[in-house]
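Novice: Residue 71 in full-length UniProt numbering is what sits at position 71 of the sequence shown, and the numbering runs on without skipping anything.
Ideal Cβ positions, reconstructed from N, Cα and C, are used throughout, including at glycine.
Quick one: this structure, given as structure tokens, is what I'll be asking you about.
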Amino acid sequence: MVTLKNDDAVVGSGDGVVVAAGSARELVDGLVSSGALDSLFERIDRGDVELTGDGGLIPELVRTALERGLEAEMTSHLGYGPVDREGKAAAGSANSRNGSYPKTLATEVGPVTIQVPRDREGSFTPRLVPKCSRRLGGLDDMIISLYAGGMTVRDIQHHLVKTVGVELSHETVSSVTDAVAEAVLEWQERPLDEFYPVMYLDAIRVKVRDGGRVLPKAAHIAIGVDMEGLKHVLGIWVQDSEGSSFWANVCAEIANRGVMDVLVVCCDGLKGLPEAIEATWPDAMVQTCVVHLIRAANRFVADNDRKAVCRRLREVYGAANADQARRRLGEFKASELGRKYPSVAATWERAWDRFTPFLQFPPMLRRVVYTTNSIESLNYQLRKVSRNRSQFPNDQAAVKLLWLAICDIEDKRARQRGKTGNGTRRKSMGRLIEGRVTTNWKQALAQLAAAYPERMEPHL
Numbered sequence: 001m002v003t004l005k006n007d008d009a010v011v012g013s014g015d016g017v018v019v020a021a022g023s024a025r026e027l028v029d030g031l032v033s034s035g036a037l038d039s040l041f042e043r044i045d046r047g048d049v050e051l052t053g054d055g056g057l058i059p060e061l062v063r064t065a066l067e068r069g070l071e072a073e074m075t076s077h078l079g080y081g082p083v084d085r086e087g088k089a090a091a092g093s094a095n096s097r098n099g100s101y102p103k104t105l106a107t108e109v110g111p112v113t114i115q116v117p118r119d120r121e122g123s124f125t126p127r128l129v130p131k132c133s134r135r136l137g138g139l140d141d142m143i144i145s146l147y148a149g150g151m152t153v154r155d156i157q158h159h160l161v162k163t164v165g166v167e168l169s170h171e172t173v174s175s176v177t178d179a180v181a182e183a184v185l186e187w188q189e190r191p192l193d194e195f196y197p198v199m200y201l202d203a204i205r206v207k208v209r210d211g212g213r214v215l216p217k218a219a220h221i222a223i224g225v226d227m228e229g230l231k232h233v234l235g236i237w238v239q240d241s242e243g244s245s246f247w248a249n250v251c252a253e254i255a256n257r258g259v260m261d262v263l264v265v266c267c268d269g270l271k272g273l274p275e276a277i278e279a280t281w282p283d284a285m286v287q288t289c290v291v292h293l294i295r296a297a298n299r300f301v302a303d304n305d306r307k308a309v310c311r312r313l314r315e316v317y318g319a320a321n322a323d324q325a326r327r328r329l330g331e332f333k334a335s336e337l338g339r340k341y342p343s344v345a346a347t348w349e350r351a352w353d354r355f356t357p358f359l360q361f362p363p364m365l366r367r368v369v370y371t372t373n374s375i376e377s378l379n380y381q382l383r384k385v386s387r388n389r390s391q392f393p394n395d396q397a398a399v400k401l402l403w404l405a406i407c408d409i410e411d412k413r414a415r416q417r418g419k420t421g422n423g424t425r426r427k428s429m430g431r432l433i434e435g436r437v438t439t440n441w442k443q444a445l446a447q448l449a450a451a452y453p454e455r456m457e458p459h460l
């Protein structure tokens, strides 16, 4: 397989030889500075040589490199090179080269026809271009990337024809995306850390075909913040509806994969969810998301009054302690806005016991645990990706797309984290399925250690 990744990653490998992209760039720069490419550049400028397309320079370079690699593999297989009678005699083998056959490959630069060498005994098995393979690995990576970005299978077909001139069948594109199923399963069942200081739980809606009908289902997503402040997507679970009983199963599965303790779990105001969490982690503090509460409270508020209501509610969740928050809510309830919209105060009173826990913490820690915005940001991008699909054929297809989309989203975040202020790139890149570092995490972690010294001490 030939791969092409970032500047510090592997570009290609064959017969145990690894070439870094940085050295390839240095090689080209050296050829340019030496003037070795001047005549080629002149022909390109005159229009005598096309860079891409059928017979273009880049496809021909790919063809030449592949054929040279295949010839090297044949030499290694036989033990002697072409037209090397002494080498053949020394090898003592009756096998020999037997011409070649043409093979057209779909690549990132368009279709490329190569000559694959063969031997008389038919025992040669190329590794650079495996038998029955009609695509280079880079094209598969492109297909998966486009799929993760939200394009449908037919959209990908059209895009490949239009951009690189490669025409692939609907079945081929589907098989490429299906190839990640094992990786999804491995990720979904991977062991987790024993301890996460903070965890966020939320769900998004997707439409899935089930039993001949298209049903709206809930894709449950959990994010855990580790001791370094990195946010990890712990898993994706699809169920008919977002219910507390299913969340209990999700929490149990997370615990079975190694999570023994969680300090704070932030979630929406779903009835029964706090009890489901506490059944798995009895010592966890369950915090209802303040943003969910604000949305629920504004459900029946007129548009022109919402800003005023939100300003008054900020005094409640920004209070110094629970007693002050209760007084602020009472003042709002007695105000003109409170009398006009009694459902606002009623919403907060119903959730009061699950809203107030975070008020015991200092400001830095409050910002980490008061809302599920971390997972909401991810869910917003996942909705954009899934919007192009009117429905998924099954639950596994939904999980596959969401997983690929998460990989794509976190790769983008990793690239952003990898950039320095002057536009250059840092050498260290983010790891797969790891989100951004939690803001002001060091201060928040110190405040958590002060609040839960006995539970934090073993993990510091």
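Would A451 and L359 be called neighbours here (beta carbons separated by less than 9 Å)?
Specialist: As a position in the sequence shown, residue 451 is number 451, starting the count at 1. As a position in the sequence shown, residue 359 is number 359, starting the count at 1. Not closer than 9 Å, so no.
Novice: Any idea if G430 is buried or exposed, counting beta-carbon neighbours within 10 angstroms, 16 or more meaning buried?
Specialist: The residue labelled residue 430 in the question sits at position 430 within the sequence shown. Residue placement at G430 cannot be trusted, given a pLDDT of 37 that sits under 50; what the coordinates show is reported in the next sentence. Label assigned to G430: buried.
Novice: Taking the beta carbon of Y370 as the centre, do at least 16 other beta carbons fall within 10 Å, making it buried, or is it exposed?
Specialist: Here the question's residue 370 lines up with position 370 in the sequence shown. By the 10 Å Cβ count, Y370 comes out buried.
Novice: DSSP state of D353, grouped into three classes?
Specialist: As a first step, residue 353 must be located in the sequence shown, where it is residue number 353. Helix, per DSSP.
Novice: Does the structure place the region 271 to 283 close enough to the region 202 to 216 that three or more beta carbon pairs sit under 8 Å?
Specialist: No contact exists between the region 202 to 216 and the region 271 to 283.
Novice: Under the DSSP definition of a beta bridge, which residues are partnered with F392?
Specialist: Here residue 392 corresponds to residue number 392 of the sequence shown, with the count starting at 1. V208.
Novice: Just the C-alpha distance for S175 and G69, rounded to the nearest angstrom, thanks.
Specialist: Within the sequence shown, residue 175 is the residue found at index 175, counting from 1. Within the sequence shown, residue 69 is the residue found at index 69, counting from 1. Taking the straight line joining both Cα atoms gives about 27 Å.
Novice: Flag this pair as yes or no: are the beta carbons of A334 and A325 separated by less than 9 Å?
Specialist: Position 334 of the sequence shown, counted from the first residue, corresponds to residue 334. Position 325 of the sequence shown, counted from the first residue, corresponds to residue 325. No, these two residues do not count as a Cβ contact at 9 Å.
Novice: Have a look at the DSSP bridge pairing and note the partners of residue 471.
Specialist: The shown model of the chain, from 1 to 460, leaves out residue 471, and the question about it has no answer.
Novice: Can you check whether the CB of D395 is closer than 9 Å to the CB of D210?
Specialist: Your numbering for residue 210 matches position 210 in the sequence shown. Your numbering for residue 395 matches position 395 in the sequence shown. A contact, by the Cβ cut-off of 9 Å.
Novice: Do three or more CB pairs link the region 276 to 293 to the region 329 to 343 at distances below 8 Å?
Specialist: Contact between the region 276 to 293 and the region 329 to 343 is absent, because fewer than three Cβ pairs lie under 8 Å.
Novice: Give a yes or no on contact between the region 181 to 192 and the region 343 to 354, applying the rule of three or more CB pairs nearer than 8 Å.
Specialist: The region 181 to 192 vs the region 343 to 354: no contact.
Novice: Run through DSSP, which three-state label would T107 get?
Specialist: If you number the sequence shown from 1, residue 107 lands on position 107. Looking at T107 - three-state DSSP - the assignment turns out to be strand.
Novice: In angstroms, rounded to a whole number, what distance separates the CA positions of V83 and A89?
Specialist: One-based indexing of the sequence shown puts residue 83 at position 83. One-based indexing of the sequence shown puts residue 89 at position 89. Rounded to whole angstroms, V83 to A89 spans 12 Å at the Cα level.
Novice: Which runs of the alpha helix (DSSP H) fall wholly inside the region 364 to 390 and span at least 4 residues, in chain order?
Specialist: Qualifying alpha helix (DSSP H) stretches, in chain order: 373 to 386.
Novice: What does the Cβ neighbour count give for M456, buried or exposed, with the cut at 16 atoms within 10 Å?
Specialist: Counting from one through the sequence shown, the residue named residue 456 turns up at place 456. Flag for M456 reads buried.
Novice: For N304, name the three-state secondary structure that DSSP assigns.
Specialist: Within the sequence shown, residue 304 is the residue found at index 304, counting from 1. Helix.
Novice: For T372, count the other beta carbons within 10 Å of its own beta carbon; 16 or more makes it buried, fewer makes it exposed. Which is it?
Specialist: Position 372 of the sequence shown, counted from the first residue, corresponds to residue 372. With 16 or more other Cβ atoms within 10 Å, it is buried.
Novice: Please work out which residues of its chain come closer than 8 Å, Cβ to Cβ, to residue 471, disregarding the five sequence neighbours upstream and downstream, and give them in chain order.
Specialist: What is shown of the chain runs 1 to 460, which leaves residue 471 out entirely.
Novice: Hey, could you find the ends of the beta strand (DSSP E) Q287 is sitting in?
Specialist: By 1-based counting over the sequence shown, the position of residue 287 is 287. Here the beta strand (DSSP E) through Q287 covers 285 to 288.
Novice: So what's R339 in DSSP terms, helix, strand or just coil?
Specialist: Translated into the one-based positions of the sequence shown, residue 339 becomes position 339. Residue state, collapsed to three classes: helix.
Novice: So if DSSP puts I114 in a beta bridge, which residue, or which two residues, is it bridged to?
Specialist: If you number the sequence shown from 1, residue 114 lands on position 114. DSSP, once it has assigned bridges, lists K103 as partnering I114.
Novice: Between L168 and L234, how many whole angstroms is the CB-CB distance? I'm expecting something under 8 Å.
Specialist: Within the sequence shown, numbered from 1, the residue matching residue 168 stands at position 168. Within the sequence shown, numbered from 1, the residue matching residue 234 stands at position 234. Actually they are not in contact, since the Cβ atoms of L168 and L234 sit about 34 Å apart, beyond 8 Å.
Novice: Per the DSSP calculation, Y196 is bridged to which residue(s)?
Specialist: Your numbering for residue 196 matches position 196 in the sequence shown. According to DSSP, which records beta bridges pairwise, Y196 is partnered with V262.
Novice: So, for S100: in the same chain, excluding its five sequence neighbours on each side, which residues have a beta-carbon less than 7 Å away from its beta-carbon?
Specialist: Translated into the one-based positions of the sequence shown, residue 100 becomes position 100. Within the same chain, S100 has close Cβ partners Q115, V116, P117, R118.
Novice: L40: which of G56, R25, E26 sits nearest, CA to CA?
Specialist: Translated into positions along the sequence shown, residue 40 becomes position 40. When only C-alpha atoms are compared, the closest one is G56.
Novice: Which residues in the same chain as G258 place their Cβ atom closer than 8 Å to its Cβ, once the five residues preceding and following it in sequence are excluded?
Specialist: Here residue 258 corresponds to residue number 258 of the sequence shown, with the count starting at 1. Taken in chain order, the residues that qualify are P191, L192, D193, E194.
Novice: State the Cα-Cα distance for the pair V112 and D38, rounded to the nearest angstrom.
Specialist: If you number the sequence shown from 1, residue 112 lands on position 112. If you number the sequence shown from 1, residue 38 lands on position 38. Answer to the nearest angstrom: the Cα atoms are 26 Å apart.
Novice: In chain order, what are the residue ranges of uninterrupted alpha helix (DSSP H) at least 4 long that sit wholly in the region 27 to 62?
Specialist: Listed in chain order, the complete alpha helix (DSSP H) runs (minimum 4 residues) inside the region 27 to 62 are 38 to 46.
Novice: So, with DSSP's three-state summary, where would you put K231?
Specialist: Along the sequence shown, read from residue 1 onward, the residue named residue 231 stands at position 231. Note: K231 maps to strand in three-state DSSP.
Novice: Could you pull the DSSP bridge partners for V225 from this structure?
Specialist: Looking up residue 225 in the sequence shown gives position 225. Paired residue(s): V198, K231.
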